[in-house]
Ligand code: SF4
Ligand code: SF4
C-alpha cells in the first residue's frame with residue numbers, strides 16, 4: 124500500500140511528473156509481479172550502465188503511463204519505489220529526503236518521512252545487492 128497520498132491525485136494538475144522521464148529502478152520482485160500481468164521485460168525494462176534495471180521511457184514518459192488519461196496501467200502492481208515516491212533515499216546524506224521535483228513534496232511531514240524511511244532504505248539496499256550479485260531483473 125502506498126504510504127503517501129499524492130495531493131495532486133497523481134496528476135500534478137497538468138501532467139503526472141513522477142512518470143515523466145522516469146529513472147525508477149525495479150527489484151526482481153517488482154518485475155515478477157508485473158510479469159504476471161502479461162507484460163514482457165524487454166518492453167518495459169532497460170539496463171542502466173550501473174547494473175540497475177529501470178523502467179523504460181517511451182516518448183518521454185514511463186512505458187506504463189498514459190498521458191491522455193494521466194494514469195498508470197499497472198497502478199496496483201507498480202514498483203515499490205513508485206509507491207514511496209516522492210520519498211527517496213539520499214545515499215550521500217544517508218537519510219530519506221523528499222524529491223524536490225514533486226510539487227506535493229512540501230506537504231509531507233517529518234513524521235511521515237520517518238515512518239517509511241526504514242522501508243525506503245531497505246529497498247535501496249535490496250536494489251544494490253541485486254545489482255552487485257547480478258540478480259537484477261533485466
Ligand atoms: S510528482 Fe508528486 S504531485 Fe506529481 S503526481 Fe507524482 S507524487 Fe503526485
Ligand atoms: S510504473 Fe506507474 S507510477 Fe511508476 S513511473 Fe510508471 S506510470 Fe508512473
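Residue numbers (our numbering): 124 to 261. Built from N, CA and C at the ideal position, the CB exists for glycine as well. Because the structure is a prediction, the values reported are computed rather than measured.
Can you list the alpha helix (DSSP H) stretches of 4 or more residues lying completely in the region 151 to 236, in chain order? Qualifying alpha helix (DSSP H) stretches, in chain order: 151 to 158, 164 to 167, 203 to 207.
With 16 other Cβ atoms within 10 Å as the buried cut-off, status of residue 166: Here residue 166 is exposed. Its C-beta has fewer than 16 other C-beta atoms within 10 Å.
Under the criterion of a Cβ to heavy atom distance below 7 Å, does residue 139 qualify as lining ligand 1? At a threshold of 7 Å, residue 139 counts as near ligand 1, since its beta carbon sits closer than that to one of the ligand's heavy atoms.
Considering only C-alpha positions, which residue in the set 168, 232, 182, 204 is nearest to residue 243? Relative to residue 243, the option among 168, 232, 182, 204 whose CA is nearest is 204.
Assign residue 232 to buried or exposed, taking buried as 16 or more other Cβ atoms, counted over all protein chains shown, within 10 Å of its Cβ. Counting Cβ neighbours within 10 Å, residue 232 comes out exposed, since fewer than 16 surround it.
Does the Cβ of residue 145 lie closer than 7 Å to at least one heavy atom of ligand 2? Residue 145: yes, Cβ under 7 Å from ligand 2.
Please determine whether the Cβ atom of residue 187 lies at a distance below 7 Å from any heavy atom of ligand 2. When distances are taken from the beta-carbon of residue 187 to the heavy atoms of ligand 2, the shortest one is below 7 Å.
Based on the DSSP output, what are the partners of residue 148 in its beta bridges? Note: residue 148 sits in a beta bridge opposite 177.
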